[in-house]
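Undergrad: Shown below is the structure under consideration.
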Amino acid sequence: MDLRNLLWWWWTLPAGLASVGYACALAGLTRAQRAVWVTARVVEVHPPGHGESGERGIPVTIVYQDPGTGREFRLRHENRRGDRVLVAWVGQEFPVRFPRRRPERFLLMLDSEGRTSGTGGPNCMVILLVLGLVVQSFFAWDWQRGLICVGCLLLLVVALSRDGAYARARAAQLADGVTVQGSVVAVTQDVHADGEGGESVSHACVLAFTTHEGVEVTALCSRGIADIGRSLGREVAVRYAPADPSLLTTDPDHEHRERASHVRFVSTLLVAGTAAIGLGVLCLRHSCPFT
-4 MDLRNLLWWW WTLPAGLASV GYACALAGLT RAQRAVWVTA RVVEVHPPGH GESGERGIPV
56 TIVYQDPGTG REFRLRHENR RGDRVLVAWV GQEFPVRFPR RRPERFLLML DSEGRTSGTG
116 GPNCMVILLV LGLVVQSFFA WDWQRGLICV GCLLLLVVAL SRDGAYARAR AAQLADGVTV
176 QGSVVAVTQD VHADGEGGES VSHACVLAFT THEGVEVTAL CSRGIADIGR SLGREVAVRY
236 APADPSLLTT DPDHEHRERA SHVRFVSTLL VAGTAAIGLG VLCLRHSCPF T
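All letters in the sequence shown, in the order written, are residues -4 to 286 by our numbering.
This is the structure we're talking about:
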């Protein structure tokens, strides 16, 4: 078999890896399934100082218990140990996972939904497989059928997208939210080098506010505040969801623009996918090669 024919079997690699990954998930052998999952509680918040880097998020000290030994651990979390914390307060709870018999090697998970099964890797392989098959359809068949496959892929993306449901849920919670006054207590600064030897500077503000329930919340905001680099000491109106203070905004209009932008994006995918399928079917029926 020459190299050209061998390339037609490229799909066996992602398909095989996905199959192995799903088999391990069914057998309960993935890293996430073998790990121990517990709930950790924030006992200290260490907001970045003015001018410091914000890439680590908001470092916090958490407390959790190893169910195997009953021993309690009090450790500091930063970005290297799992997800980055952008909103924090004392008493906040997070899912935490760690290898069995190694409770000090924890990873903080802001959201455990869909992450306990360990199917993230196989899902990525399936996405690569579908994308590759769509590209290959142009060569294996003809461009008309390839166009139909592209349209089906776009419609599949629209059907599987959860961003719309998340945006609607967020909007509903913020609509019933509470507005309080917060203040910018620090502005972080990060310098990034580009490929041409230049540098760019990004800022984020450390926002502190107290909820109506008396909870002192610290948030790291990179948008929604005008001229962030000069916002130190500024008073800002913060709208948050009482059930979850991590759900907040400093610019309700920006939230509305974000939702409208998402609707336009999904609508564009829907129209493009439908048009691609329609054009492909039309050209197949009328033998219009466009060549």
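The beta carbon of each residue, even a glycine, is placed where N, CA and C say it ideally should be.
1. Going along the chain, which unbroken runs of the beta strand (DSSP E) with 3 or more residues stay wholly within the segment 111 to 188?
2. I'd like the span of the beta strand (DSSP E) that includes PHE93, first residue to last.
3. Among the candidates VAL15, GLY219, LEU274 and THR34, whose CA atom is the shortest distance from the CA of GLY116?
4. In this structure, what does DSSP give as the bridge partners for VAL210?
5. Let me know if TRP84 comes out buried or exposed under the rule of 16 or more other beta-carbons within 10 Å of its beta-carbon.
6. Within the same chain, show all residues whose beta-carbon is closer than 7 Å to that of ARG100, passing over the 5 residues directly before and after it, in chain order.
7. Is the segment 199 to 217 close to the segment 152 to 162, with three or more CB pairs under 8 Å?
8. Give me whichever residues DSSP pairs with VAL58 in a beta bridge.
9. Whole angstroms are fine: how far does the CA of ASN118 sit from the CA of TRP6?
10. Alpha carbon to alpha carbon, how far is GLY199 from GLN168?
11. Quick check on DSSP: helix, strand or coil for HIS45?
12. Considering only the alpha carbon of each residue, which of ALA214, ILE53 and GLY224 lies closest to ASP239?
13. Could you check whether GLY146 and ALA271 sit closer than 8 Å to each other, using their CB atoms as the reference points?
14. Measuring straight from C-alpha to C-alpha, what distance separates ARG229 and GLU47?
15. Going by beta carbon distance, what residues of the same chain come within less than 7 Å of ARG76, once the five residues before and after it are set aside?
16. With a cut-off of 8 Å, do at least 3 Cβ pairs link the segment 24 to 39 to the segment 121 to 134?
17. Candidates TYR235, VAL173 and THR114: which alpha carbon is nearest CYS19's?
TA: Straight from the coordinates:
1. Restricted to the segment 111 to 188, the beta strand (DSSP E) segments that are unbroken, complete and at least 3 residues in length are 173 to 188, listed in chain order.
2. Counted as a single uninterrupted DSSP element, the beta strand (DSSP E) harbouring PHE93 occupies residues 88 to 93.
3. The option with the nearest alpha carbon to GLY116 is VAL15.
4. DSSP lists no partner for VAL210.
5. It is buried - the Cβ of TRP84 has at least 16 other Cβ atoms within 10 Å.
6. Hits under 7 Å: PHE93 and PRO94.
7. With the cut-off at 8 Å, the segment 199 to 217 and the segment 152 to 162 do not touch.
8. Paired residue(s): ARG36 and ARG69.
9. Taking the straight line from one Cα to the other gives about 15 Å.
10. For the record, residue 199 in the displayed sequence is Ala; it is not Gly. Spanning the two alpha carbons is a distance of roughly 24 Å.
11. DSSP places HIS45 in the coil class of the three-state scheme, outside both helix and strand.
12. Cα-wise, what sits closest to ASP239 is ALA214.
13. Against a cut-off of 8 Å, the Cβ pair of GLY146 and ALA271 comes out as a contact.
14. The alpha-carbon atoms of ARG229 and GLU47 are separated by roughly 18 Å.
15. Non-local C-beta neighbours of ARG76 in its own chain, meaning closer than 7 Å and more than five positions away in sequence, comprise PHE101, LEU102 and LEU103, ordered along the chain.
16. No, they do not touch.
17. Closest option to CYS19, Cα to Cα, is THR114.
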